Amino acid sequence: MLRKQVYTERAHARDVRRRVSRWYSGQGRDLPWRRTRDPYAVLVSEVMLQQTQVSRVVPAYRAFLSRFPTVRALARASLGDVLRAWSGLGYNRRARDLHRAARSNRGRLPTSVDGLDALPGIGAYTAGAVACFAHRRRVAFADTNVRRVLGRVFLGRVATEREAVAIDRELLPRDAARWHHALMDIGALFCRARSPRCDECPLAPACRGRGSRGDVARHQSTFATSDRRIRGWIVTLLADRDAMTPRALEDAIADERVPRIIAALERDGLVERRAGRIGLPR
Ligand code: SF4
Numbered sequence: 012m013l014r015k016q017v018y019t020e021r022a023h024a025r026d027v028r029r030r031v032s033r034w035y036s037g038q039g040r041d042l043p044w045r046r047t048r049d050p051y052a053v054l055v056s057e058v059m060l061q062q063t064q065v066s067r068v069v070p071a072y073r074a075f076l077s078r079f080p081t082v083r084a085l086a087r088a089s090l091g092d093v094l095r096a097w098s099g100l101g102y103n104r105r106a107r108d109l110h111r112a113a114r115s116n117r118g119r120l121p122t123s124v125d126g127l128d129a130l131p132g133i134g135a136y137t138a139g140a141v142a143c144f145a146h147r148r149r150v151a152f153a154d155t156n157v158r159r160v161l162g163r164v165f166l167g168r169v170a171t172e173r174e175a176v177a178i179d180r181e182l183l184p185r186d187a188a189r190w191h192h193a194l195m196d197i198g199a200l201f202c203r204a205r206s207p208r209c210d211e212c213p214l215a216p217a218c219r220g221r222g223s224r225g226d227v228a229r230h231q232s233t234f235a236t237s238d239r240r241i242r243g244w245i246v247t248l249l250a251d252r253d254a255m256t257p258r259a260l261e262d263a264i265a266d267e268r269v270p271r272i273i274a275a276l277e278r279d280g281l282v283e284r285r286a287g288r289i290g291l292p293r
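To convert, note that position 164 of the sequence shown is 175 in the working numbering; the numbers rise steadily by one, no gaps.
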């Protein structure tokens, strides 16, 4: 159904491609990871961008690459050192997964989409993005920005990942990297989740979702947010020290959930217990 709809609207697809390309020529964002084709640097940027805003990722990306300039350097480092370098970005499982990915292939990154996808913690989106941006493969993939833009333009609503990848596959121009960078920029700058700026959007004349009121905000429960914060605080506290007793962590954070969250961090491999004290993994 979806393929038919997209196939039968070639003029619309051409129009969208042209508008995207024209807008990107003059106004695309100049971001440090767009100036490299080093697969490792692209991977680091993609993992960081998964949950963090671009403005915070830029300095963190530079600092991380200056600390671990190659995938081998990252593979040689201890997880504790990687978590220290990640400090401030949050969602520390990403750092753990990146470290595991670096170690899983003897300090080399696969070049195929399937090989990248098979790395621990690296999903289809990240594998596609690295293959496209670093290896210049013409591969379809969709992050949340792409899902919003392609979905609203062609379906009048946010697409599922599967729908967005199918539409993307139909539209992919020869320079797939430029195309995806442009869609991501349009998603971030205009086609925002909650308040799309349709009046200024370069795709407005071609968009079926123009005037969209945006998605209803989905608030995480306060409890879930706080849990995540406490995880981050614990890792940040431990980043400055060799180890702390559970009691000292409880006193520092003053929250009854600390023991449970320490146990969860241990299960995730993000902290370890040494002689009754908690520290980042060595
Ligand atoms: S016109 Fe509005 S809904 Fe359509 S792509 Fe642009 S910002 Fe998104």
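Even glycine gets a Cβ: it sits at the ideal position worked out from N, Cα and C. Small disclaimer: the values here were computed from a predicted structure and weren't measured.
Contact set for residue i: own chain, Cβ-Cβ below 6 angstroms, skip 5 residues either direction
i, result
"L194", "V157, V160"
"Y35", "A193"
"R14", "Because the pLDDT of R14 is 48, which lies under 50, any placement of that residue in the model is unreliable, and the question is left without a value."
"A275", "none"
Heavy atom of the ligand SF4 within 7 angstroms of residue i beta-carbon
i, result
"F201", "yes"
"G39", "no"
"C209", "yes"
"G139", "no"
"L214", "yes"
"V27", "no"
"R297", "Given a span of 12 to 293 for the chain in the structure shown, any question on residue 297 remains unanswerable."
"V164", "yes"
"V160", "yes"
"C143", "no"
Close beta carbons around residue i, own chain, < 7 angstroms, minus the five adjacent residues each side
i, result
"I289", "L249, A254, M255, P257, L260, I273, V282"
"R78", "A96"
"A263", "L248"
"S206", "G225"
Cβ shell of residue i (< 8 angstroms), same chain only, five flanking positions each side left out
i, result
"D238", "R268, I272"
"A217", "H23, D26, V27, R30, V164"
"T19", "Confidence in T19 is poor, its pLDDT being 39 and thus under 50, which makes the residue's placement unreliable; the coordinate value appears in the next sentence. Nothing meets the Cβ criterion."
"E211", "F201"
"P121", "L127, A129, L130"
Short Cβ contact (8 angstroms threshold) for residue i with residue j
i, j, result
"L76", "V55", "yes"
"E57", "V164", "no"
"G198", "C209", "no"
"G220", "A204", "no"
"P43", "R67", "no"
"L130", "R107", "no"
"L183", "R149", "yes"
Beta carbon proximity, residue i to chain D, threshold 8 angstroms
i, result
"G280", "The question asks about chain D, but that chain is absent: this structure has only one protein chain."
Pick from the options that is closest to residue i, judged by C-alpha positions
i, options, result
"V53", "R203, R28, R147, R21", "R147"
"A6", "Q64, R114, A151", "The structure shown does not extend to residue 6, since the chain is modelled only from 12 to 293, so the question has no answer here."
"G134", "R105, R149, R117", "R105"
"R278", "P292, A112, P184, P50", "P292"
"A170", "R252, C202, R185", "C202"
"D125", "E172, A138, G39", "A138"
"L200", "G167, Q38, F144, L127", "Q38"
"R242", "P213, S206, G280", "G280"
Tell me whether the stretch 164-178 and the stretch 99-115 touch, counting them as touching only if at least three CB pairs, one residue from each stretch, are closer than 8 angstroms.
Counting Cβ pairs under 8 angstroms, fewer than three are found: no touch.
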